[in-house]
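Number of protein chains: 2
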Amino acid sequence: MTRRSYQRLGEDARRNALLEATLDCLAEDGMGGASVRKIAERAGVSAGLIRHYFSSKDEMIHEAYAYLMGQLTGAAADSAHAASEGASQALAHFIAANVMQPNLSSRKVSLWATFIGRVRAGARYAEIHRDSYREFLDLLEALIHPVLVQHGRPAAPAACHGHAIALNGLIDGLWLEGSLGHGLYDPARLPVIALTAAEGILRLPDGTLVRAIAP
Amino acid sequence: MTRRSYQRLGEDARRNALLEATLDCLAEDGMGGASVRKIAERAGVSAGLIRHYFSSKDEMIHEAYAYLMGQLTGAAADSAHAASEGASQALAHFIAANVMQPNLSSRKVSLWATFIGRVRAGARYAEIHRDSYREFLDLLEALIHPVLVQHGRPAAPAACHGHAIALNGLIDGLWLEGSLGHGLYDPARLPVIALTAAEGILRLPDGTLVRAIAP
DNA sequence: GCCACTATTATACGTTTGTATAGTAATGCT
DNA sequence: AGCATTACTATACAAACGTATAATAGTGGC
Numbered sequence: 001m002t003r004r005s006y007q008r009l010g011e012d013a014r015r016n017a018l019l020e021a022t023l024d025c026l027a028e029d030g031m032g033g034a035s036v037r038k039i040a041e042r043a044g045v046s047a048g049l050i051r052h053y054f055s056s057k058d059e060m061i062h063e064a065y066a067y068l069m070g071q072l073t074g075a076a077a078d079s080a081h082a083a084s085e086g087a088s089q090a091l092a093h094f095i096a097a098n099v100m101q102p103n104l105s106s107r108k109v110s111l112w113a114t115f116i117g118r119v120r121a122g123a124r125y126a127e128i129h130r131d132s133y134r135e136f137l138d139l140l141e142a143l144i145h146p147v148l149v150q151h152g153r154p155a156a157p158a159a160c161h162g163h164a165i166a167l168n169g170l171i172d173g174l175w176l177e178g179s180l181g182h183g184l185y186d187p188a189r190l191p192v193i194a195l196t197a198a199e200g201i202l203r204l205p206d207g208t209l210v211r212a213i214a215p
Numbered sequence: 001m002t003r004r005s006y007q008r009l010g011e012d013a014r015r016n017a018l019l020e021a022t023l024d025c026l027a028e029d030g031m032g033g034a035s036v037r038k039i040a041e042r043a044g045v046s047a048g049l050i051r052h053y054f055s056s057k058d059e060m061i062h063e064a065y066a067y068l069m070g071q072l073t074g075a076a077a078d079s080a081h082a083a084s085e086g087a088s089q090a091l092a093h094f095i096a097a098n099v100m101q102p103n104l105s106s107r108k109v110s111l112w113a114t115f116i117g118r119v120r121a122g123a124r125y126a127e128i129h130r131d132s133y134r135e136f137l138d139l140l141e142a143l144i145h146p147v148l149v150q151h152g153r154p155a156a157p158a159a160c161h162g163h164a165i166a167l168n169g170l171i172d173g174l175w176l177e178g179s180l181g182h183g184l185y186d187p188a189r190l191p192v193i194a195l196t197a198a199e200g201i202l203r204l205p206d207g208t209l210v211r212a213i214a215p
């Protein structure tokens, strides 16, 4: 009996490789098609290995969701904290980044939607979703507040919160629909559409955000 | 051997019962848990029946998606064509209806997301999605145009189209996030948040849409 | 080079899955 | 009531599934 040769990997590296493989299989085959054997094959390991890292398939999928959302919120936080020339530019960059590559991504949307489809029925999914949604809202509030102050708009916490909810909704919706390659319009239009809409939502002077990132 | 007694149903009625059962199982158990046996049980028939109506499980799921989107777009069209006192009220009602019950529904969102998760990898899913997305955009454009004209805003087709994309994004995002019971805010706030944001996106005078549906 | 540790492979098992098909009971017509 | 039609049940099958476990080869330390 000839055993396949293999290379050992540290615990973190192997674990992350399995989570990445899980996400790859979910993006391609959905929840119904991502079997343990497929995930193992994608990760380049045998199916028996998975039990050494996760106590069940369910746990591995939950962890994959947490891992994905950690990546998405991490990238959003980096974007929010990036160097910029003022509050308007920071907000504009944040919004635009969400409706452009690499965030505008059918893979990311497919994964996000696949997990959202389970939020209603699974407490762990719901918890991960709520935490990341809260984090996105908080990031947006922090970006919106100084912009409102700068333009003399009402900037009380409640107003900022409402704006953050609306802006997050706009970004989510455009990101979702814009990533799916439907061919109904050129996704390159989305940054301007998003920024123009955001100016309206925040009652900013026309061009405040669009001009903040234009050449 | 005692066979279970049963009642015959006409082809359309039985078929729709199966599609409803499919959606119920998908909403509860996801793509990975909705087996043919579960769906049959939910529909109150034996598993062998399904082959008499659908040539495969895959086909049944695709048909369920088309059926769901038919319901959602049908309801949207009804809402768009409902009697109203003017263009602003029609648009306001349409927007508000999308972020309130019965549309604000974790079941609907779970189903929608579950299928969206498959759009990237499945041509049939992508086709159904594109057709319904186009229909929503068209409905919105038709609602937006007279409102812009009424308020002397630029109302060329390209402008309407861009506004429809933005508004649809806003509605989708708020509907999605607002349906999931995260407890971060009261979903009863969403109609006002959505309408206020829509006024901004369309550059309408403050209160145009909010006041159109307030008591 | 030797050895201990352990990451990994291969295999097994019981259950579940989607698909296939023969048989029969419900129902409408005469 | 009798009969033909057919919607539906029950069962079977091969494959796939998630889970479990014994064995072994890779690797670092000495």
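Note that the protein sequences, when read in sequence, are chains A and B. Following UniProt numbering, the numbering of the first sequence begins with 1 at its first residue and continues without gaps. Following UniProt numbering, the numbering of the second sequence begins with 1 at its first residue and continues without gaps. Just so it is clear, CB atoms sit at the ideal spot from N, CA and C, and this is done for glycine as well. Here the structure is a predicted model, which is why all the values come from computation and not from measurement.
Query                                                                                                                               : Result
Alanine 27 of chain B versus proline 187 of chain A - alpha carbon distance                                                         : 30 Å
Tyrosine 125 of chain A burial status per 10 Å Cβ neighbour count (16 or more: buried)                                              : buried
Three or more C-beta pairs below 8 Å linking the stretch 193-203 of chain A and the stretch 194-211 of chain B                      : yes
Residue span of the alpha helix (DSSP H) that contains alanine 164 of chain B, given as start and end                               : 157-178
Spatial neighbours of histidine 161 of chain B in its chain, beta-carbon cut-off 7 Å, leaving aside the 5 residues before and after : Glu141
Proximity of leucine 143 of chain A and alanine 214 of chain A at Cβ, strictly below 8 Å                                            : no
Between the CA atoms of glycine 183 of chain B and aspartate 138 of chain B - distance to the nearest angstrom                      : 33 Å
Counted within 10 angstroms of its Cβ, other Cβ atoms place valine 149 of chain A as buried (16 or more) or exposed                 : exposed
Test: methionine 31 of chain B CB closer than 8 Å to a CB of chain A                                                                : yes
Span of the alpha helix (DSSP H), counted from its first residue to its last, around arginine 189 of chain B                        : No alpha helix (DSSP H) holds arginine 189 of chain B; DSSP gives it neither H nor E.
Any 3 or more C-beta pairs closer than 8 Å across the stretch 67-86 of chain A and the stretch 45-54 of chain A                     : no
The stretch 175-199 of chain B: positions lying closer than 9 Å to chain A by Cβ                                                    : Trp175, Leu176, Glu177, Gly178, Ser179, Leu180, Gly181, His182, Gly183, Leu184, Tyr185, Arg189, Leu190, Val192, Ile193, Ala194, Thr196, Ala197, Ala198 and Glu199
Closer than 8 Å at the beta carbon, the chain A residues around histidine 129 of chain B                                            : Leu180 and His182
Neighbour flag for isoleucine 39 of chain B against chain A, beta carbons, 8 Å                                                      : no
Check whether glycine 178 of chain B and leucine 111 of chain B have beta carbons under 8 Å apart                                   : no
Cβ-based contacts, 9 Å cut-off: residues of the stretch 105-122 of chain B near chain A                                             : Ser106, Arg107, Val109, Ser110, Leu111, Trp112, Ala113, Thr114, Phe115, Ile116, Gly117, Arg118, Val119, Arg120, Ala121 and Gly122
CA-to-CA distance, alanine 123 of chain B to serine 79 of chain B, given in whole angstroms                                         : 29 Å
Contact under 8 Å by Cβ, arginine 15 of chain B with serine 106 of chain A                                                          : no
Simplified DSSP state of leucine 104 of chain A, which is helix, strand or coil                                                     : coil
Buried or exposed (CB count within 10 angstroms, at least 16 for buried), tyrosine 133 of chain B                                   : buried
Pick from B/Ile95, B/Ser56 and B/Ser55 that is closest to alanine 212 of chain B, judged by C-alpha positions                       : B/Ile95
Chain A contact for glycine 152 of chain B (CB, 8 Å cutoff)                                                                         : no
Cβ-based burial, aspartate 58 of chain B [other Cβ within 10 Å; buried from 16]                                                     : exposed
Coarse secondary structure for glycine 33 of chain B, derived from DSSP in three states                                             : helix
Nearest-angstrom beta carbon gap, glycine 30 of chain A and arginine 118 of chain B [assumed within contact, 8 Å]                   : 5 Å
Any C-beta of chain A under 8 Å from that of asparagine 98 of chain B                                                               : no
Counted within 10 angstroms of its Cβ, other Cβ atoms place glycine 173 of chain A as buried (16 or more) or exposed                : buried
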